[in-house]
Amino acid sequence: MTRLHANTAQSIYRRLLDTYGPQGWWPADSAFEIVVGAVLTQNAAWTNVEYALTHLREADALSPEAILALPDERLGALIRPSGYFNVKARRLKAVCGFLVDAGGIEALRECGTGDLRAALLGVHGIGRETADDIVLYAFHRPVFVIDAYTRRIFERLGLFVGGETYEALRGAFESALGPDVPVYQEYHGLIVEHCKAVCAVRPRCADCSLRYRCPVGRNERA
DNA sequence: ACCCAGGGTCATA
DNA sequence: TATGACCATGGG
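In the working numbering, each residue carries its 1-based index in the first sequence increased by 2.
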């Protein structure tokens, strides 16, 4: 069982927060937009997802019913910039179908966290990270999101060995931090911001391999 | 020209 | 359980 000490998790969180400030994640105007964004951002740069979201907004297609009503080809064209557009068009329709069948997002708020997560994982195209994005940010449930950045940073810091399962890492963070929705929301946003904003700048951080002037790990000189 | 990005599914062993 | 192929665009 992989463990993460509370003090370690908290001090890294504070250092990230001091450095970058509150991220206010998830950036969206509605719970449904979070669901859509979570699917579109799969292995894609967020700037490209924004193009796709803008297209959907301009097409007045930011509702489950509107998306389901679009022909696959049309939906694919709208979300094209976010990549894998044929795959993601199908996934979006799957989630939208799920939401409609469930009676809408508001009806799902009556669901327990575990049931909600399990139900989302049963939808085509929704894996652990995407499900947890939705559960944490659209439903405000205390589930810690693990992504590639989280693994990378904490592995390079020597806090994880590597190869841990998703659930093991999620459990480690949740045990270390205790159930805390605002902190989970900020923490994940800060991890992404830390890796994303300056990842192209060199020299790269010796720990996460992506950032210059890394506040978390050691810095590598050019 | 190459590499990467806020993953997931499916086939195969 | 664990690899590997596949999906595809835009920016560095």
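Using N, Cα and C, we set each Cβ at its ideal position, and we do this for glycine too.
Beta-carbon to beta-carbon, Leu72 and Ala63 are separated by about 6 Å, close enough to satisfy the 8 Å threshold. For Gln44, there is no enclosing alpha helix (DSSP H), as DSSP marks it with neither H nor E.
Apart from sequence neighbours up to five positions away, the residues of its chain that approach Ile36 with a beta-carbon distance below 8 Å are Trp28, Ala30, Asp135, Ile136, Tyr139 and Ala140, ordered along the chain.
In this structure, Val125 sits near Ala96, with a CB-CB distance shorter than 8 Å. In this structure, Leu94 lies near Leu77, with their beta-carbon atoms less than 8 Å apart.
Less than 8 Å divides the Cβ of Leu42 from the Cβ of Lys90. The Cβ atoms of Leu80 and Glu188 lie no closer than 8 Å to each other.
Counting only runs that start and end inside the region 98 to 184, the alpha helix (DSSP H) elements of at least 4 residues fall at 107 to 110, 115 to 123, 130 to 135, 150 to 158 and 168 to 179. In the DSSP assignment, Ser13 falls within the unbroken alpha helix (DSSP H) covering Ala8 to Tyr22. Of the residues Thr167, Tyr151 and Val163, the one whose Cα lies closest to the Cα of His196 is Tyr151. The DSSP assignment places complete alpha helix (DSSP H) segments of no fewer than 4 residues inside the region 55 to 91 at 66 to 71 and 74 to 81, in order along the chain.
Going by C-alpha positions, Gln25 is about 20 Å away from Phe156.
Between the region 153 to 168 and the region 113 to 127 there are fewer than three inter-stretch CB-CB distances shorter than 8 Å, so the stretches are not counted as touching. The three-state secondary structure of Gly26, taken from DSSP, is coil. Counting other Cβ atoms within 10 Å of its Cβ, Thr132 reaches 16 or more and is therefore classed as buried. Arg93 sits in a helix when the DSSP states are folded into three classes. In terms of Cβ geometry, Pro66 and Phe34 form a close pair [threshold 8 Å]. Distances from the alpha-carbon of Arg5 to those of Val183, Leu179, Val185 and Glu112 put Leu179 closest. Judged by beta-carbon spacing, Arg119 lies beyond the 8 Å limit of Val147, meaning their Cβ atoms are not closer than that value. With a cutoff of 8 Å on beta-carbon distance, Gly99 and Leu70 are scored as near each other.
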